[in-house]
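Structure, as structure tokens:
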Amino acid sequence: MATKETSDPKDESAFIESVPSAAVPALLDAGGTVYLLEEDSEEQAKKGRITAHEGNRLIVRMQMTDEAYAQSPKQNTPFHAALTSNTCTYHFVTKFTSSTPLPDHIWYITVPTKMIRQQSRSFVRIPTLLTIRARLPNSLGGLKNTKEMELVDLSGDGLCFISKEPVPEGTEVLVEIPDLPGFGTLATTCLVRRCAEHKRPTNVVYHIGTQMAKGLTNTERIKLERCLAHLQRAYLKRGLGVK
2 MATKETSDPK DESAFIESVP SAAVPALLDA GGTVYLLEED SEEQAKKGRI TAHEGNRLIV
62 RMQMTDEAYA QSPKQNTPFH AALTSNTCTY HFVTKFTSST PLPDHIWYIT VPTKMIRQQS
122 RSFVRIPTLL TIRARLPNSL GGLKNTKEME LVDLSGDGLC FISKEPVPEG TEVLVEIPDL
182 PGFGTLATTC LVRRCAEHKR PTNVVYHIGT QMAKGLTNTE RIKLERCLAH LQRAYLKRGL
242 GVK
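Numbering-wise (this note's numbering), the sequence shown opens with residue 2 and increments by one.
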């Protein structure tokens, strides 16, 4: 059964929101684990813990080997950062400014002017506006013809798309997402977990939340994780006003 919601379907996610600038210093003073992903890099994020907030810089104790620490970035290298808590992840853009000599593992990075808050989920769903091809169930137990629909978000184990008609929870749909960055075409069977009604000014549509019923291979999983990282960086750049 569809559940009624009145939010605009163009809203990218109820789980992501901007944090007021006035709240940023307090969040950073609280410290916490931070992940730093160098812009345009294919390397894994670097991990550290914020130990102090001094003026316009953050002091981060990096968790890495001496060998890795010795290869410090150039001054003003931009990073996409994620500060984690028990309930949320705060995303922001920062720059590396300097580091201390070994044996210390201290980085100095710039304080952000704004952050994006994202509620924690087992798999983070990345808002993205892509066109998918889907086959919905019919009344005879089969599937209808393929139709193009708008993708709302994508994660490592599911996706949400917009349908002009409700789709019963517990049924299966066939979904194909062409031209995913770094992945290609993702074709999978999905189990409908949620059907939410959204009222538009001229009509009603449904957000169909699904879970992938068929597991991906290890190679596909790695490719999808890289794809999601690319989509998330693109989304956060838009939200933070980064070109």
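Here a beta-carbon is modelled for each residue, glycine too, at the ideal position from N, C-alpha and C.
How close, in whole Å, do the beta carbons of A82 and V35 come, if the pair is a contact with beta carbons under 8 Å?
What you label residue 82 is simply residue 81 of the sequence shown in a count that begins at 1. What you label residue 35 is simply residue 34 of the sequence shown in a count that begins at 1. Yes, they are in contact, since the Cβ atoms of A82 and V35 sit about 6 Å apart, within 8 Å.
Work out the CA separation of N139 and K145 for me, nearest whole Å.
Taking the first residue of the sequence shown as position 1, residue 145 is located at position 144. Taking the first residue of the sequence shown as position 1, residue 139 is located at position 138. A direct Cα-to-Cα measurement between K145 and N139 gives close to 6 Å.
For D154, tell me which candidate among I178, V168 and G142 has the shortest Cα-Cα distance.
The sequence position of residue 154 within the sequence shown is 153, counting from 1. Of I178, V168 and G142, the residue nearest in Cα terms is I178.
Identity of the residues DSSP links to Y91 by a beta bridge
Looking up residue 91 in the sequence shown gives position 90. Paired residues: L84 and R118.
Evaluate the contact criterion for the segment 151-166 versus the segment 90-105: three or more CB pairs, one atom per stretch, below 8 Å.
Using a C-beta cut-off of 8 Å, the segment 151-166 makes no contact with the segment 90-105, since fewer than three inter-stretch Cβ pairs fall below that distance.
What span of residues does the alpha helix (DSSP H) with D180 cover, start to end?
By 1-based counting over the sequence shown, the position of residue 180 is 179. Note, D180: premise wrong, no alpha helix (DSSP H); beta strand (DSSP E) at E173 to L181.
Taking C-beta to C-beta, are Q129 and L232 nearer than 7 Å?
Taking the sequence shown and counting its residues from 1, one reaches residue 129 at position 128. Taking the sequence shown and counting its residues from 1, one reaches residue 232 at position 231. Here residue 129 is Thr; the residue named in the question, Gln, does not match the sequence. Yes. Within cutoff.
With contact counted as at least three CB pairs below 8 Å, one residue from each stretch, are the segment 210-218 and the segment 107-118 in contact?
With the rule of 3 Cβ pairs closer than 8 Å, the segment 210-218 does not count as touching the segment 107-118.
Cα-Cα separation between P74 and G185, rounded to whole angstroms
Numbered from 1 along the sequence shown, position 73 holds the residue referred to as residue 74. Numbered from 1 along the sequence shown, position 184 holds the residue referred to as residue 185. When only Cα atoms are considered, P74 and G185 end up about 32 Å apart.
Limits of the unbroken beta strand (DSSP E) element including E1:
This structure does not reach residue 1, given that the chain is present from 2 up to 244, and the question cannot be answered.
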